[in-house]
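Undergrad: Structure below; questions to follow.
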Amino acid sequence: MTCKYKDIIMAQEAARCMLCTDAPCTAACSRSLDPARAVRAIRFDNSSVAGAYINKESCADCPAQCQSACIHFDRPVRIKEIALGLEPSELHKADLSIDFCGVHCENPFFLSSSIVASSYDMCAKALSMGWAGIVYKTIGFYKPKEVSPRFDAVLNSTRSFSGFKNLEQISDHTVEENMETLRRLKKDFPDKVIVSSIMGQTEDEWTKLARLSEEAGADIIECNFSCPHMSAHGLGSDVGQNPELVSKYTEAVKKGTKLPVLAKMTPNLGHMEIPAIAAVDSGADGLAAINTIKSITNIDADSMVSMPDICGKCSVSGYSGKAVKPIALRFIHDMAKCPELKNIPISGMGGIESWRDGLEFILLGCSNVQVTTSVMEYGYRIIDDLVSGLSEYMYSHSIKKLSSLVGAALPKLCPADELDRDSIVYPLFDKSKCTGCGRCYTACSDAGHQAIEFDSQKRSVRLIGKNCEGCHLCRLVCPAGAIGISKRIIR
Ligand SMILES: Cc1cc2nc3c(=O)[nH]c(=O)nc-3n(C[C@H](O)[C@H](O)[C@H](O)COP(=O)(O)O)c2cc1C
Numbered sequence: 000m001t002c003k004y005k006d007i008i009m010a011q012e013a014a015r016c017m018l019c020t021d022a023p024c025t026a027a028c029s030r031s032l033d034p035a036r037a038v039r040a041i042r043f044d045n046s047s048v049a050g051a052y053i054n055k056e057s058c059a060d061c062p063a064q065c066q067s068a069c070i071h072f073d074r075p076v077r078i079k080e081i082a083l084g085l086e087p088s089e090l091h092k093a094d095l096s097i098d099f100c101g102v103h104c105e106n107p108f109f110l111s112s113s114i115v116a117s118s119y120d121m122c123a124k125a126l127s128m129g130w131a132g133i134v135y136k137t138i139g140f141y142k143p144k145e146v147s148p149r150f151d152a153v154l155n156s157t158r159s160f161s162g163f164k165n166l167e168q169i170s171d172h173t174v175e176e177n178m179e180t181l182r183r184l185k186k187d188f189p190d191k192v193i194v195s196s197i198m199g200q201t202e203d204e205w206t207k208l209a210r211l212s213e214e215a216g217a218d219i220i221e222c223n224f225s226c227p228h229m230s231a232h233g234l235g236s237d238v239g240q241n242p243e244l245v246s247k248y249t250e251a252v253k254k255g256t257k258l259p260v261l262a263k264m265t266p267n268l269g270h271m272e273i274p275a276i277a278a279v280d281s282g283a284d285g286l287a288a289i290n291t292i293k294s295i296t297n298i299d300a301d302s303m304v305s306m307p308d309i310c311g312k313c314s315v316s317g318y319s320g321k322a323v324k325p326i327a328l329r330f331i332h333d334m335a336k337c338p339e340l341k342n343i344p345i346s347g348m349g350g351i352e353s354w355r356d357g358l359e360f361i362l363l364g365c366s367n368v369q370v371t372t373s374v375m376e377y378g379y380r381i382i383d384d385l386v387s388g389l390s391e392y393m394y395s396h397s398i399k400k401l402s403s404l405v406g407a408a409l410p411k412l413c414p415a416d417e418l419d420r421d422s423i424v425y426p427l428f429d430k431s432k433c434t435g436c437g438r439c440y441t442a443c444s445d446a447g448h449q450a451i452e453f454d455s456q457k458r459s460v461r462l463i464g465k466n467c468e469g470c471h472l473c474r475l476v477c478p479a480g481a482i483g484i485s486k487r488i489i490r
């Protein structure tokens, strides 16, 4: 694939890939190459390594059995063309290790507390596949009874999750069973980081859960002050929204342990810094954010029930995944910039799917990142591209220490009244890529400044410079990537 739309087509083809288990395309390759791994790398924003698995040299004269073996329900993914668009590439290893709350981590990627880290076998599998640590499913004396179904998703046009809603509460194993799991995990994976997520109903319970977690061998304790859909009151985000309760329970946890303690914060408020300061003033060593955002999804137009339908009803409950990432980043930024929270380690999460998502959290001040929803959608294997994508980035930017990136983007965020308002950047039209679809014209006419002329005979567009305000809606709606950015000039 050498055409001018190569990057877009590659990304769209990779997005169509169903990411099969035991992928038939790879099984069919007579040259023992790994087309499935290459397509997965492209899918997870890690194209620069895809050429290590298939490429134009290895695949040029091949009859593409991989593509014939594709089981896509519509048409096969164009694997051969993808291969022909890839230069051979090498995999570079960078040192991704970083300290978090004084604990050494081989890389910054942890599973976050949820169903994905809720048994010995699941955690052991994830750790063996390269995750540096796990935050175990929240442990408490409170015994939850779950609803069915307990999940819903807002899907995009390729049926992947834009956002994900859950009604799940804390672990339904007993405290004893869970502590035994933590003990086994630490014994079998001494170099990995085991975080015990806990939730008490009273100060005594918080203290006891902290003590038991330390005795079981956990490295760090995370206080769940943030699950938004507990079926009993005074738990989860009821605590995180109330700085006095955050203070009281953080102190209770510190009474039970000498381990580093994280306060996991709820985004269901305006200013996360307020309860975060309460936690730190009461002894928390670090912060974790975000837990899920209160939400309602997919109201059925016939039954008028929002999803998931539980006997004709549903509740407001937690939203996670891709859609929440910008909101999570904003909360991380607020805490990282708060003077009272200076130098407090932050573990960031909310919508991390690719290495670049993780990097964005690091650049805003996180020295650790956690993932749930994208593991629920794609499995633990996403660690491959998280690790190799971040390695590749560090290698290509000659970055020796991951810690040097922590908070690097913070100085470039400022209040709106400090932004430059005296210059303008016009859109730059690449005629060779323009298909004449007219989307830029429609957007500019109906939602911009009527600065684009459309010739329907020639199917071409022209910018009317005097009308253009440089808002760049045209560039964002262009399906062909034919509009770029020109040089910034004084208005
Ligand atoms: C199914 C599910 C169960 C969860 N259970 C817990 C939990 O037990 N304790 C907790 O602190 N957070 C829990 N969370 C929140 C996640 O740990 C995480 O904070 C949130 O989902 C945002 O990250 P993500 O977008 O990567 O999923 C859960 C999330 C989901 C989707």
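According to numbering that gives the first Met the number 0, the sequence shown is numbered sequentially starting from 0.
Heads up, the beta-carbon is just placed ideally off N, CA and C, and yes, glycines get one too.
Is S294 near ligand 1, judged by its Cβ being under 6 Å from some heavy atom?
TA: S294 Cβ: outside cutoff for every heavy atom of ligand 1.
Undergrad: Pick out whichever of G464, A277 and G364 has its Cα sitting closest to the Cα of P410.
TA: For the residues G464, A277 and G364, the minimum Cα distance to P410 belongs to G364.
Undergrad: Restricting to runs no shorter than 4 residues, where is the alpha helix (DSSP H) found entirely within the segment 120 to 189?
TA: As far as the segment 120 to 189 is concerned, its whole alpha helix (DSSP H) runs of at least 4 residues are 174 to 187.
Undergrad: Extract the residue ranges of the alpha helix (DSSP H) inside the segment 374 to 403, only unbroken runs of 4 or more that lie entirely within it.
TA: The segment 374 to 403 contains these whole alpha helix (DSSP H) runs: 381 to 395.
Undergrad: Relative to the alpha-carbon of S225, which residue among L385, L208, R149 and P274 has its alpha-carbon at the smallest distance?
TA: The option with the nearest alpha carbon to S225 is P274.
Undergrad: If you reduce the DSSP assignment to three classes, tell me which class P478 lands in.
TA: In the structure shown, P478 sits in coil (DSSP, three-state: anything other than H, G, I, E or B).
Undergrad: Closest to T20 by C-alpha separation, out of T441, Y379 and L389, would be which residue?
TA: The candidate whose alpha carbon is nearest that of T20 is Y379.
Undergrad: Beta carbon of K142: closer than 6 Å to some heavy atom of ligand 1?
TA: Checking the Cβ of K142 against ligand 1 gives no.
Undergrad: Please identify the residue among K257, V460, A446 and A22 whose C-alpha is closest to the C-alpha of A217.
TA: For A217, the nearest C-alpha among the options comes from K257.
Undergrad: At what residue ranges does the segment 74 to 111 contain a whole run of the beta strand (DSSP E), taking only runs of 3 or more?
TA: Entirely contained in the segment 74 to 111, the beta strand (DSSP E) runs reaching 3 residues are, in chain order, 97 to 99, 102 to 104 and 108 to 110.
Undergrad: Exposed or buried, what is H228 when buried is set at 16 or more other beta-carbons lying within 10 Å of its beta-carbon?
TA: H228 is buried by the Cβ-count criterion.
Undergrad: Run through the segment 206 to 234 for me and flag every whole beta strand (DSSP E) of 3 or more residues, listed as ranges in chain order.
TA: You should have 219 to 223.
Undergrad: Starting from R461 and walking both ways along the beta strand (DSSP E), at which residues does that stretch end?
TA: Element bounds for R461: S459 to L462.
Undergrad: Counting C-beta neighbours from all protein chains within 10 Å, is the total for G311 16 or more, i.e. buried, or is it exposed?
TA: Burial call: exposed.
Undergrad: So, at 6 Å on beta carbons, what are the nonlocal neighbours of N155 in its own chain, with the 5 sequence-adjacent residues on each side left out?
TA: Closer than 6 Å at the Cβ level, and outside the excluded window around N155, lie S161.
Undergrad: According to DSSP, what are the bridge partners of Q200?
TA: According to DSSP, which records beta bridges pairwise, Q200 is partnered with nothing at all.
Undergrad: Can you tell me whether M306 sits near ligand 1, meaning its C-beta is under 6 Å from at least one heavy atom of the ligand?
TA: Answer for M306: no, Cβ out of range of ligand 1.
Undergrad: From S366, D445 and K5, pick the residue whose C-alpha is nearest to that of A407; which is it?
TA: Measuring from the Cα of A407, the nearest candidate turns out to be S366.
Undergrad: How about E167: is its Cβ closer than 6 Å to a heavy atom in ligand 1?
TA: Yes, Cβ of E167 sits closer than 6 Å to a heavy atom of ligand 1.
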